[in-house]
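**Q** Structure incoming, see below.
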Ligand SMILES: Cc1cc2nc3c(=O)[nH]c(=O)nc-3n(C[C@H](O)[C@H](O)[C@H](O)COP(=O)(O)OP(=O)(O)OC[C@H]3O[C@@H](n4cnc5c(N)ncnc54)[C@H](O)[C@@H]3O)c2cc1C
């Protein structure tokens, strides 16, 4: 019996990897290339303190997922042979300092997940849309999940000297972070229910002004790259993770602004739910 994972973003791939490590046969289907939607676009801030302002189940899970990240990355690198740009760098948010916060390159994580999945025998099936999942299956189709919706975000990228930005800088929902290569990412805005990808010029101008307020050196400098992505939202606003509407179906979508951060904890929740239901726990 093969478990079908619908959606090959960071959430579906993390789940597939974990299930395969438990000895289960798994296939991951994506309607397009693997990991080319929100998980390709995400900035990779692992910043629960600025994202979850009030106590909640998901605020706790976000903190647990941040704690799990170093081991998640280490295991993934060891199994895949792919090195991942991950750094516990801390976040400065006006007068607050969160030293335990981190950043990761989501494209690197997804490349490593695909290699680790293949090494574990997972069948990766790009360009194979699934209209109606047949049990056993995990729905991890992001903004396209039933009832899901897209909240588009735009990011700006600048090639700067490495070390210019040793930690994440935040002001509300605006932030800047720097990859080890020197590439600085600045974000972001929110456009609910926008399903297209071409950035709006006025949105880019507003972001450029906000970027210069955080990093004054960017005032007159056009970004080297501009891209958008569709954050997957859910009707209630929280991730939808757990049993689905029928036996043998599970859901894992709606991670909105924090799916990169929440990948390890989501994969663990689904791993536990699937293995206990199938009697392999
Ligand atoms: C601009 C921006 C900045 C962000 N910054 C951060 C950040 O700093 N930190 C953070 O933690 N998160 C961030 N996020 C959010 C994060 O990127 C997402 O929450 C996360 O990538 C969601 O992962 P996913 O696998 O659920 O969705 P996706 O990566 O969108 O994957 C879903 C996949 O399902 C596939 N699919 C859809 N329908 C079907 C179907 N019928 N059959 C088969 N396949 C299907 C899609 O093609 C897609 O590949 C950001 C997002 C954006 C857009």
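Residue numbers (the numbering used here): 23 to 303.
Beta carbons are placed, not taken as given, at the ideal position from N, Cα and C, and that holds for glycine.
No experiment lies behind these values; they were computed from the predicted model shown.
Tell me the DSSP secondary structure of residue 106 in three-state form.
**A** In the chain shown, residue 106 corresponds to position 84, counting from 1. It is coil, neither helix nor strand.
**Q** What do you reckon, are the CB atoms on residue 158 and residue 25 nearer than 7 Å?
**A** Locating residue 158 in the chain shown gives position 136, counting from the first residue. Locating residue 25 in the chain shown gives position 3, counting from the first residue. Yes. Within cutoff.
**Q** Residue 112: which of 101, 261 and 72 sits nearest, CA to CA?
**A** Translated into positions along the chain shown, residue 112 becomes position 90. When each option's Cα is compared against that of residue 112, the closest is 72.
**Q** What's the gap between the Cα of residue 273 and the Cα of residue 231?
**A** Locating residue 273 in the chain shown gives position 251, counting from the first residue. Locating residue 231 in the chain shown gives position 209, counting from the first residue. Answer to the nearest angstrom: the Cα atoms are 39 Å apart.
**Q** Please classify residue 119 as buried or exposed, where buried requires at least 16 neighbouring CB atoms within 10 angstroms.
**A** As a first step, residue 119 must be located in the chain shown, where it is residue number 97. Label assigned to residue 119: exposed.
**Q** Give a yes or no on whether the C-beta atoms belonging to residue 282 and residue 128 are separated by under 7 Å.
**A** Position 260 of the chain shown holds residue 282. Position 106 of the chain shown holds residue 128. Yes, these two residues count as a Cβ contact at 7 Å.
**Q** Sorry if obvious, but does the Cβ on residue 280 come closer than 6 Å to a heavy atom of ligand 1?
**A** Walking along the chain shown from the start, residue 280 turns up at place 258. Yes, ligand 1 has a heavy atom inside 6 Å of this Cβ.
**Q** In three-state terms, what does DSSP make of residue 256?
**A** Taking the chain shown and counting its residues from 1, the one referred to as residue 256 is at position 234. Correct three-state label for residue 256: coil.
**Q** Would residue 146 pass as a contact of residue 50 if the rule is Cβ separation under 7 Å?
**A** Residue mapping note: residue 146 aligns to position 124 of the chain shown, counting from 1. Residue mapping note: residue 50 aligns to position 28 of the chain shown, counting from 1. The answer is yes: Cβ separation under 7 Å.
**Q** On the three-pair Cβ rule with 8 Å, is the segment 27 to 35 touching the segment 43 to 61?
**A** Contact between the segment 27 to 35 and the segment 43 to 61 is present, because at least three Cβ pairs lie under 8 Å.
**Q** Between which two residues does the beta strand (DSSP E) containing residue 137 stretch?
**A** Position 115 of the chain shown holds residue 137. Run containing residue 137: none in the beta strand (DSSP E); it sits in the alpha helix (DSSP H), 128 to 141.
**Q** Can you tell which of 253, 142 and 133 has its C-alpha closest to the C-alpha of residue 47?
**A** Along the chain shown, read from residue 1 onward, the residue named residue 47 stands at position 25. The shortest Cα separation from residue 47 among 253, 142 and 133 belongs to 142.
**Q** What does the Cβ neighbour count give for residue 183, buried or exposed, with the cut at 16 atoms within 10 Å?
**A** Taking the first residue of the chain shown as 1, we reach residue 183 at position 161. It is exposed - the Cβ of residue 183 has fewer than 16 other Cβ atoms within 10 Å.
**Q** Starting from the Cα of residue 101, find the closest Cα among 75, 295, 134 and 301 and give me that residue.
**A** Residue 101 sits at position 79 when you count from the first residue of the chain shown. It is 134 whose Cα lies nearest to the Cα of residue 101.
**Q** Measuring alpha carbon to alpha carbon, tell me which of 83, 131, 176 and 110 ends up nearest residue 122.
**A** Reading the chain shown from its first residue, position 100 is the one you call residue 122. With distances taken between Cα atoms, residue 122 lies closest to 110.
**Q** Select from 107, 175 and 263 the residue whose C-alpha is nearest the C-alpha of residue 162.
**A** By one-based count along the chain shown, residue 162 stands at place 140. The shortest Cα separation from residue 162 among 107, 175 and 263 belongs to 263.
**Q** For a quick check, are the C-beta atoms of residue 289 and residue 106 less than 7 Å apart?
**A** Locating residue 289 in the chain shown gives position 267, where the first residue counts as 1. Locating residue 106 in the chain shown gives position 84, where the first residue counts as 1. Contact: no.
**Q** Does the count of Cβ pairs from the segment 219 to 227 and the segment 184 to 191 closer than 8 Å reach three?
**A** At 8 Å Cβ cutoff, the stretches do not touch.
**Q** Pick helix, strand or coil for residue 213, following the three-state DSSP scheme.
**A** On the chain shown, position 191 is the one that residue 213 refers to. Three-state result, residue 213: strand.
**Q** Which partner residues does residue 56 have in the DSSP bridge list?
**A** As a first step, residue 56 must be located in the chain shown, where it is residue number 34. Beta-bridge pairing links residue 56 to no other residue.
**Q** Looking only at its own chain, which residues have a Cβ that is under 7 Å from the Cβ of residue 215, when we skip the five neighbours before and after it?
**A** If you number the chain shown from 1, residue 215 lands on position 193. The answer, listed in chain order, is 171 and 172.
**Q** Please classify residue 115: does DSSP put it in a helix, a strand, or coil?
**A** Here the question's residue 115 lines up with position 93 in the chain shown. If DSSP states are grouped into helix, strand and coil, residue 115 belongs with the strands.
**Q** If you draw a straight line from the alpha carbon of residue 240 to that of residue 108, how long is it in whole angstroms?
**A** As a working mapping, residue 240 is identified with position 218 in the chain shown. As a working mapping, residue 108 is identified with position 86 in the chain shown. Going by the C-alpha atoms only, they are around 25 Å apart.
**Q** Judging by CA-CA distance, which residue of 247, 251 and 277 is the nearest neighbour of residue 257?
**A** As a first step, residue 257 must be located in the chain shown, where it is residue number 235. Among 247, 251 and 277, the Cα nearest to that of residue 257 is on 277.
**Q** By Cβ distance, which residues of its chain are closer than 8 Å to residue 305, with the 5 residues on each side in sequence left out?
**A** Nothing about residue 305 can be read from this structure; the chain reaches only from 23 to 303.
**Q** If you measure from the CB of residue 304, is any heavy atom of ligand 1 nearer than 6 Å?
**A** Coverage of the chain is limited to positions 23 through 303, which leaves residue 304 absent and any answer about it impossible.
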